[in-house]
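Take the numbering used here: the final residue in the sequence shown is number 550, and no numbers are missing along the way.
Think of the CB as a built atom: it goes at the ideal place given N, C-alpha and C, for glycine as much as any other residue.
Just so we're clear, the structure is a prediction, and the values are computed from it rather than from any experiment.
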Amino acid sequence: MSKIFLRAFTASFLALFLMGGVALGAWSGTTVDKTIVDSNGDKRLEYGPGEPYTVREDLGAANAKRAKTRTPIFDPFIQLSDLHVVDEESPARIEQYDAELGELGVKGGYRPQESLMSQTADAAVRRANWVRSPVTSRSPSLAIVTGDSSDNSQENETEDYINVLSGNRFNPDSGDPSFRPSPLCFPIFYPTDLYQGVRGDGVWYEPDSSLEGEDGTGYTPADGVRDFPGLFEKANTTFTPKGLRFPWLAVPGNHDGLVQGNVPKSDFLEGAALSCWKIFAGPTHIVQPDPKRHLVSKQEWIEKHLADGDGHGFDPKQPDIGYHSVSKPGGMRLIGLESINENGLSEGNIDDTQFQWLDNELQQAEKAGETVVVYAHHSLESMNNTAGGGSVHCGLIEQGGACAQQESLEALFYRSPSVIAYVAGHEHNNRIDPRQEDAGEGNFWEVVLASEVDWPQQGGMVEIFNNNDGTFSIFRTILDQAGKPDPGNTPDLENPWTRTLTLASISREISFNEPQVGMGGAGTLADRNVELIVTR
Ligand SMILES: [Ca+2]
Ligand SMILES: [Ca+2]
Ligand SMILES: [Ca+2]
Ligand SMILES: [Ca+2]
């Protein structure tokens with residue numbers, strides 16, 4: 015071994031030691047290697063340095079020798095959340111109220127990147143397929159998908175998201191020129207444009223050009239949202255997604271079960287979704303209607319999953335049940351919850367039947383000596399929806415009012431020591447908080463992941479170790495979707511082999527410059543790549 019080589023070898027060994035045994039340098043495909051940032055403020059993204067793990071000791075001290083004593087209890091698993099695969103041409107959308115909704119804190123009425131969500135979700139899948147644990151170099155063997163996979167609970171959105179995750183060739187375009195949903199819709203008057211969603215009009219993003227008054231406020235090239243001619247048409251072109259190369263378990267979010275994530279289904283809204291009339295900035299436009307814009311019930315949503323491969327955690331004997339409990343080798347149990355309030359509003363809750371089932375599952379896990387991760391769409395903070403009354407459970411002990419009537423998930427987890435983490439989405443924000451009770455025996459971590467629809471369009475990977483010293487370590491690693499940081503001024507949208515990732519790259523850039531969301535969502539270093547210690 016040459017001296018220079020030996021010195022390099024020693025230096026990398028030292029780096030390994032300094033990282034507490036985390037083998038940095040080995041390629042992982044995660045943000046531990048490199049990040050995507052705008053380092054010079056020019057509204058264009060580029061690669062930035064990787065982010066090493068932040069060790070968080072709120073719930074237990076990190077033993078310096080733990081890297082030598084720890085044993086993984088399960089393979090690393092992927093979390094994908096808030097894909098919001100959307101039929102952006104649907105008459106049931108409410109882009110025209112985006113500004114008013116934004117002032118109320120509802121940011122999803124319109125997104126300039128929304129037509130690119132199928133390709134963005136595919137790029138998230140491709141990344142998940144490629145990554146390896148920076149800690150152990152192991153590959154993931156499972157994914158959990160924590161809801162808001164569709165945007166408007168439409169049948170075509172639900173099918174499209176399943177097609178993306180399962181790798182089935184499909185066309186994201188909607189509109190059926192022969193469909194006549196009512197006597198007032200005449201197919202001879204339907205427009206023939208491939209893309210019939212909102213664009214330009216001085217309100218929205220126009221990707222083909224930027225004439226005076228064409229792009230809406232915040233969506234001009236000066237705002238960083240540049241033109242990509244033909245973008246909307248290319249986004250509505252048949253493609254073959256890769257599909258996850260391992261099984262995935264799904265739970266629904268409020269956007270999968272409620273219209274626009276907030277409103278219970280009704281005959282009126284079903285009629286609006288299927289109609290040939292779409293409200294734009296000014297007058298209503300005629301668009302091609304589509305029977306696949308049917309608003310699915312929760313059971314129909316579950317049945318779509320049951321019809322695909324292994325059913326993704328749902329039980330064909332109980333197609334109205336949206337929750338599941340799965341034991342894995344090594345003593346790992348994954349429990350997925352269904353947290354939609356079917357009475358409406360975007361926040362979540364757990365009905366009493368499900369809560370009693372969960373309590374029983376946790377007691378079984380305790381007896382079996384299992385380690386439990388519970389996941390759902392809603393974070394504990396956003397699990398506070400008592401609209402419609404009934405016997406429902408909220409997320410946190412501190413949530414008062416009607417939430418105080420029943421035991422919270424937080425209280426249940428404190429008396430269920432097998433639970434070490436609660437994993438969720440919904441907030442479109444990376445956030446990690448310790449949940450600590452006075453006695454300390456049932457402490458756990460709340461781990462919330464950003465979305466794939468809004469900046470920073472990230473997924474997560476979770477890997478759990480028993481340190482065999484009275485503590486567990488939960489490594490949570492952030493994954494960027496696989497589109498490159500900068501699509502360039504004139505990306506090739508014609509090449510079908512590269513188009514999907516090019517569209518995903520454009521999607522991320524636009525999401526970064528979208529003024530309603532901006533830089534929100536990324537969280538702090540302590541919310542991203544972390545080693546979470548918990549005493550057990
Ligand atoms: Ca830049
Ligand atoms: Ca579409
Ligand atoms: Ca269309
Ligand atoms: Ca433009």
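(message) Considering only heavy atoms of ligand 3 and the C-beta of each residue, which residues fall inside 7 angstroms, strictly closer?
(response) Glu103, Asp187, Ser188, Gly189, Leu208, Tyr209, Gln210, Asn250 and Gln302
(message) Give me, in chain order, the residues of the same chain whose beta-carbon lies closer than 6 angstroms to that of Arg140; leave out the 5 immediate sequence neighbours on both sides.
(response) Excluding residues within five positions, the ones whose Cβ falls inside 6 angstroms are Lys256 and Ala496.
(message) Here's the rule I'm using: 16 or more other beta-carbon atoms within 10 Å means buried, otherwise exposed. How should Phe526 be labelled?
(response) So Phe526 ends up on the buried side.
(request) Could you tell me the boundaries of the beta strand (DSSP E) in which Glu60 lies? (result) Glu60 to Pro63
(message) I'd like the ranges of any alpha helix (DSSP H) spanning at least 4 consecutive residues and lying wholly in the stretch 218–270.
(response) 245–249
(request) Taking all protein chains shown into account, decide if Asn575 is buried (16 or more other Cβ within 10 angstroms of its Cβ) or exposed. (result) This structure does not reach residue 575, given that the chain is present from 15 up to 550, and the question cannot be answered.
(request) Determine the contact status of Ala264 and His299, defining contact as a CB-CB distance below 8 angstroms. (result) no
(request) Say whether the stretch 141–149 touches the stretch 448–458, bearing in mind that this needs 3 or more beta-carbon pairs closer than 8 angstroms, one atom from each stretch. (result) No contact exists between the stretch 141–149 and the stretch 448–458.
(request) Starting from the N-terminal side, write out each stretch of the beta strand (DSSP E) that is 3 residues or longer and does not extend beyond the stretch 281–314. (result) Whole beta strand (DSSP E) segments, 3+ residues: 291–293 and 298–300.
(request) Compute the Euclidean distance between the alpha carbons of Leu394 and Pro510, then round it to the nearest angstrom. (result) Counting only the Cα atoms, Pro510 lies some 42 angstroms from Leu394.
(request) Please write down, chain order preserved, every residue whose beta carbon lies under 5 angstroms from a heavy atom of ligand 4. (result) Glu220, Ser224, Asp229 and Asp241
(request) Spatial neighbours of Gln368 within its chain, please: CB distance less than 8 angstroms, with the 5 preceding and 5 following residues excluded, ordered by chain position. (result) Counting only Cβ-Cβ distances below 8 angstroms, and skipping sequence neighbours, we find Tyr337, Leu351 and Glu352.
(request) Examine ligand 1 and report whether any of its heavy atoms sits within less than 7 angstroms of the Cβ of Asn527. (result) Here the distance from the Cβ of Asn527 to the nearest heavy atom of ligand 1 is not below 7 angstroms.
(message) Tell me the DSSP secondary structure of Met397 in three-state form.
(response) coil
(request) Would you kindly check if the distance between the Cβ of Asn443 and the Cβ of Gly535 is under 8 angstroms? (result) yes
(request) Quick one: residues in its chain with C-beta nearer than 7 angstroms to the C-beta of Val575, no 5 flanking neighbours on either side, listed in chain order? (result) Past the edges of the chain, shown from 15 to 550, lies residue 575, and the structure says nothing about it.
(request) Provide the residue span of the beta strand (DSSP E) that contains Pro128, from first to last. (result) Residue identity check: residue 128 is Glu in the sequence provided, not Pro. No beta strand (DSSP E) contains Glu128, which DSSP labels as neither H nor E.
(message) So, with DSSP's three-state summary, where would you put Asp373?
(response) Of the three classes helix, strand and coil, the one that applies to Asp373 here is helix, per DSSP.
(message) Let's test the definition: count the other Cβ atoms within 10 Å of the Cβ of Glu508 and tell me whether it reaches 16, buried, or not, exposed.
(response) With fewer than 16 other Cβ atoms within 10 Å, it is exposed.
(message) Quick check: does the Cβ of Asp136 come within less than 7 angstroms of any heavy atom belonging to ligand 2?
(response) no
(request) Whole angstroms is fine: what's the gap from Cys408's alpha carbon to Gly275's? (result) 18 angstroms
(request) Count the other C-beta atoms from every protein chain shown that fall within 10 angstroms of the C-beta of Gln210, then say buried if there are 16 or more, exposed otherwise. (result) buried
(request) Note the first and the last residue of the continuous alpha helix (DSSP H) segment covering Asn170. (result) Glu169 to Ser180
(request) Alpha carbon to alpha carbon, how far is Ile202 from Asp215? Give it in angstroms, no decimals. (result) 25 angstroms
(request) Return the Cβ separation of Gly271 and Glu375 in integer angstroms, given the expectation that the two are a contact with Cβ distance under 8 angstroms. (result) With 8 angstroms as the limit, Gly271 and Glu375 do not qualify as a contact, their Cβ atoms being about 22 angstroms apart.
(request) Work out the CA separation of Leu517 and Ile547 for me, nearest whole Å. (result) If I take the Cα positions, the gap works out to 39 angstroms.
(message) Measuring only the C-alpha atoms, how far is Pro297 from Ser163?
(response) 31 angstroms
(request) Please report how far the alpha carbon of Cys199 lies from the alpha carbon of Leu156, in whole angstroms. (result) Cα-Cα distance, rounded: 46 angstroms.
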